[in-house]
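Read the structure below first, then the notes.
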Ligand code: SF4
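Residue numbers (our numbering): 889 to 1138.
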C-alpha cells in the first residue's frame, strides 16, 4: 500500500513538473522575462488545463507569423526600425490588448508596452487581477514610425494582416483597443472618430467582441482621465466575468 502511494505521488509529481516545464517553455518562447509564481503553481496543480492548451498549440501558429514579420519589408518602416515588435503574452489569452505602434523603448527592446506607458499598462492589468503573462499584448504596427509620428494609412494597410492573423490564432474572447488609432483601425472607422465616442460600447470584430479605452501614453499625459479608463476596465472585467480588484477604492 505504501509503495503504491509512493508511486502515485511520484507520478503526480512528474506530471506536475512536466506541465510546469511546458508552461515555462511557452513563456520563454514568447520572450517573457518573468513568470508569475502563482500562475506557475496553478499550472503545476492543474496539468489538464495545460494539456488542452498544448493540443491547440496556438504558440506554433504565432511563431510562424512572428518569423514572417521579423523579415517583413512591406512598408518603409522596415528601413528605420531596430527591431520588429510582434507581441507578448499567453498564446491562449482570453484578452488581447492592441495598441497603436512601438515607441522608442519598444523598438530597442522588441517588446510592446515597455517604458512608462508599459508600466502603467501593467498596473492597469493588475487592477483587473491580471498579469502581462496572462493576456496578449501587441500593436497595430509592428515597426516604429520615426519620431513616434502617427501611423500612415498605407502602413496600417500593409501591417494589418499580421494583426488579423495574430488575433485569429489566439482567438480571444475580448479585444481591448488601446487608443483611438487602434480602435479606428480595427473597426475601419474614419480618422475623425474620437475615442470618447467609442468608449462604453461593445463592438464586433469579425466575431470577437471589442471594447475601446485610452492609450496608457495618453493617460500619462492626462491623469485626470484614468478614472474613465477604470470604468472601461471594469466593463472589460464584467465581460470576462472577473472581479476588478480596486473597484471599491475609487
Ligand atoms: S510595419 Fe508591418 S508592414 Fe511595415 S515593415 Fe513592419 S512588419 Fe512590415
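Heads up, the beta-carbon is just placed ideally off N, CA and C, and yes, glycines get one too.
Return helix, strand or coil for residue i, following the three-state DSSP convention.
| i | result |
| --- | --- |
| residue 935 | Confidence at residue 935 is low in this model, with a pLDDT of 34, below 50, so its placement is unreliable and the value that follows should be read with caution. Here residue 935 sits in helix by DSSP. |
| residue 1071 | helix |
| residue 1121 | helix |
| residue 976 | strand |
| residue 952 | helix |
| residue 1083 | helix |
| residue 969 | coil |
| residue 959 | coil |
| residue 940 | Legend: pLDDT at residue 940 = 28, less than 50; position of this residue unreliable, value from coordinates given subsequently. Correct three-state label for residue 940: helix. |
| residue 1126 | helix |
| residue 1108 | helix |
| residue 981 | coil |
| residue 1078 | coil |
My understanding is that residue i touches residue j, with C-beta atoms under 8 Å, so please give their C-beta distance in whole angstroms.
| i | j | result |
| --- | --- | --- |
| residue 1125 | residue 1016 | 6 Å |
| residue 988 | residue 1039 | 7 Å |
| residue 1122 | residue 1132 | 5 Å |
| residue 1051 | residue 1068 | Actually they do not touch by this definition, with Cβ atoms about 16 Å apart. |
| residue 1004 | residue 1108 | 6 Å |
| residue 1028 | residue 949 | Between residue 949 and residue 1028 the Cβ distance is about 19 Å, and since that is not below 8 Å, they are no contact. |
| residue 1062 | residue 1101 | Contact doesn't hold; Cβ gap of about 12 Å is too wide. |
| residue 1008 | residue 1104 | 4 Å |
| residue 1086 | residue 1071 | 5 Å |
| residue 1055 | residue 984 | 6 Å |
From the DSSP output, read off the bridge partner residues of residue i.
| i | result |
| --- | --- |
| residue 1131 | Looking at the DSSP assignment, residue 1131 forms no beta bridge with any residue, so it has no partner. |
| residue 1097 | 1062, 1092 |
Measuring only the C-alpha atoms, how far is residue i from residue j?
| i | j | result |
| --- | --- | --- |
| residue 982 | residue 967 | 34 Å |
| residue 972 | residue 986 | 15 Å |
| residue 1010 | residue 1021 | 10 Å |
| residue 999 | residue 993 | 8 Å |
| residue 976 | residue 960 | 18 Å |
| residue 1031 | residue 1073 | 16 Å |
| residue 931 | residue 956 | With a pLDDT of only 40 at residue 931, under 50, the local geometry of the prediction cannot be trusted, and the value read off the model is given with reservation. Each residue's alpha carbon lies about 30 Å from the other. |
| residue 1120 | residue 958 | 33 Å |
| residue 979 | residue 1024 | 7 Å |
| residue 1090 | residue 1097 | 6 Å |
| residue 946 | residue 1047 | 20 Å |
| residue 1076 | residue 1042 | 13 Å |
| residue 1006 | residue 1113 | 17 Å |
| residue 1035 | residue 990 | 11 Å |
| residue 1060 | residue 1127 | 12 Å |
| residue 1053 | residue 953 | 8 Å |
| residue 962 | residue 995 | 17 Å |
| residue 1093 | residue 1018 | 23 Å |
| residue 1002 | residue 1026 | 11 Å |
| residue 1116 | residue 1014 | 17 Å |
Check whether the Cβ of residue i lies closer than 7 Å to any heavy atom of the ligand SAM, and answer yes or no.
| i | result |
| --- | --- |
| residue 972 | For the structure depicted, the ligand SAM is absent and the ligand set comprises only the ligand SF4. |
Check whether the Cβ of residue i lies closer than 8 Å to any Cβ atom in chain B.
| i | result |
| --- | --- |
| residue 1067 | In summary, chain B is missing from the structure at hand, where a single protein chain is found. |
Alpha helix (DSSP H) segments (min. 4 residues) lying fully within the region 983-1051: 992-997, 1003-1015
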